[in-house]
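Below is one structure, written out as structure tokens, with a few remarks after it.
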Amino acid sequence: MSDSESNPAQEPARPAPNAGKPAKERQAKPPVRYSKAKRQFQCCVAKEYYSEYSNMVDTLHITPRMMIHNKCFRVNSTYGLTLNIKNTGLFPRLVSVTTDSPEDTSVSIPELDLHRYLNTDESLEVKIWIRASSKRDINRRRHILVECFHPNIIFQVPIVVLDKLESPSISDTITFPNCVPGNKTHYEMIIYNPTKDLVRVRYRNTNRGLQISNNKDILPPKDYGKLLLVIQPKKLNVYRGFFNIKFGVCEYS
1 MSDSESNPAQ EPARPAPNAG KPAKERQAKP PVRYSKAKRQ FQCCVAKEYY
51 SEYSNMVDTL HITPRMMIHN KCFRVNSTYG LTLNIKNTGL FPRLVSVTTD
101 SPEDTSVSIP ELDLHRYLNT DESLEVKIWI RASSKRDINR RRHILVECFH
151 PNIIFQVPIV VLDKLESPSI SDTITFPNCV PGNKTHYEMI IYNPTKDLVR
201 VRYRNTNRGL QISNNKDILP PKDYGKLLLV IQPKKLNVYR GFFNIKFGVC
251 EYS
């Protein structure tokens, strides 16, 4: 057998397709193109990540969200309650706990937990003590106020006595936390339905600078709803205003 038959034919050498081009051009890659669905998904994730509500408001877990006492309080009797606050947000939170009824309600926090930031996945246990020395308004609605910063927000934790309570319970006044002009300040209010009926909640807002959003239009029996109130002051001033909330009984379907 001849050499030409034993060795396969070889083609003449050809220059490489990228030969003679600069190194930058040889390494250049076409731009990555994502599908429309993937772009929308990434956009939604980004919005959720930077959402002020999801990362700053909804990630501070307060349990119980409201405190219910079935029987009337007694004069010179001490009642103890426990409140747990947990931060599941991405950032540390500076938390302050006070009450709107300091004359008969006290807040107890361990000394090591005072004036410190609550890191991610950390919890704070707060003891609430109620001791009234007079029968006057002894069974009124009280509030524990959980204030935290970034954003400025107060979470309202009501203490409600069910005895003789026949209509939806809501606070008469609220006070927003201080803020710098141009920034937003928030307040989360709790509405409680002590009745056995479905209750429809409607509000009328005549204050242009006040934003109101709720998580429930209808309150089930023995349940509560949240109202998130937001204002953004333009000038350094004390702002006062009001809004109306109406309740109506719904028929069962």
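Numbers 1 to 253, taken from full-length UniProt numbering, label the letters of the sequence shown in order.
For glycine and all other residues, C-beta sits at the position ideal for the given N, C-alpha and C.
Considering only the alpha carbon of each residue, which of Val75, Ile85, Asn76 and Phe73 lies closest to Arg65? That would be Ile85, whose Cα lies nearest to the Cα of Arg65.
From the DSSP output, in three-state form, read off Val160 for me. Correct three-state label for Val160: strand.
Take Lys213 as the anchor and find which of Leu236, Glu103 and Phe243 has the nearest alpha-carbon. The residue you asked about is not Lys; residue 213 is Ser in the sequence shown. When each option's Cα is compared against that of Ser213, the closest is Phe243.
What residues match up with Met67 in a beta bridge as DSSP calls it? Beta-bridge annotation (DSSP): Met67 is paired with Ile159.
Straight-line gap, residue 318 to Pro151 (C-alpha atoms, nearest Å): Any answer about residue 318 is impossible in this case: the structure gives the chain only from 1 up to 253.
What does the Cβ neighbour count give for Glu188, buried or exposed, with the cut at 16 atoms within 10 Å? With at least 16 other beta carbons inside 10 angstroms of its own, Glu188 counts as buried.
Would the beta-carbon of Ile153 fall within 8 Å of that of Val97? In this structure, Val97 does not lie closer than 8 Å to Ile153 by Cβ.
Between which two residues does the beta strand (DSSP E) carrying Asp217 extend? First-last for Asp217: undefined, no H or E at that position.
Taking only runs that begin and end inside the region 128-214, name each unbroken alpha helix (DSSP H) of 4 or more residues, in chain order. Taking only runs of at least 4 residues, no alpha helix (DSSP H) segment lies wholly in the region 128-214.
So, helix, strand or coil for Asp104, using DSSP? When secondary structure is reduced to three states using DSSP, Asp104 falls in the coil class, being assigned neither helix nor strand.
Pairwise C-alpha distance: Pro220 and Tyr79: Between Tyr79 and Pro220, the C-alpha separation is close to 28 Å.
Straight-line gap, Ser171 to Pro233 (C-alpha atoms, nearest Å): For Ser171 and Pro233, the distance between alpha carbons rounds to 23 Å.
Out of curiosity, what's the CA-to-CA distance linking Asn87 and Val146? Those two C-alpha atoms are separated by around 12 Å.
Among Leu81, Val126, Val75 and Leu210, nearest to Asp113 - alpha-carbon criterion: Nearest of Leu81, Val126, Val75 and Leu210 to Asp113, Cα basis: Val126.
Residues in the same chain with beta-carbon distance under 8 Å from Gly89, minus the five sequence neighbours each way, listed in chain order, please. Around Gly89: Asn55, Met56, Thr59, Leu60 and Thr120.
Buried versus exposed call for Cys148 [16 or more other C-beta atoms within 10 Å across all chains shown]: Label assigned to Cys148: buried.
Buried or exposed by the 16-neighbour rule on C-beta atoms within 10 Å, applied to Thr63: Thr63 should be labelled exposed.
On the three-state DSSP scale, how would you describe Leu112? In the structure shown, Leu112 sits in a helix (DSSP, three-state: H, G or I).
If you check the beta carbons only, do Ile191 and Gly225 fall under 8 Å apart? In this structure, Ile191 places its C-beta atom within 8 Å of the C-beta atom of Gly225.
If I follow the unbroken beta strand (DSSP E) through Ser96, where does it start and stop? From DSSP, the beta strand (DSSP E) with Ser96 extends over Arg93 to Thr99.
Have a look at Phe247 and Val95 and give me their C-alpha separation to the nearest angstrom. Distance between the alpha carbons of Phe247 and Val95: 33 Å.
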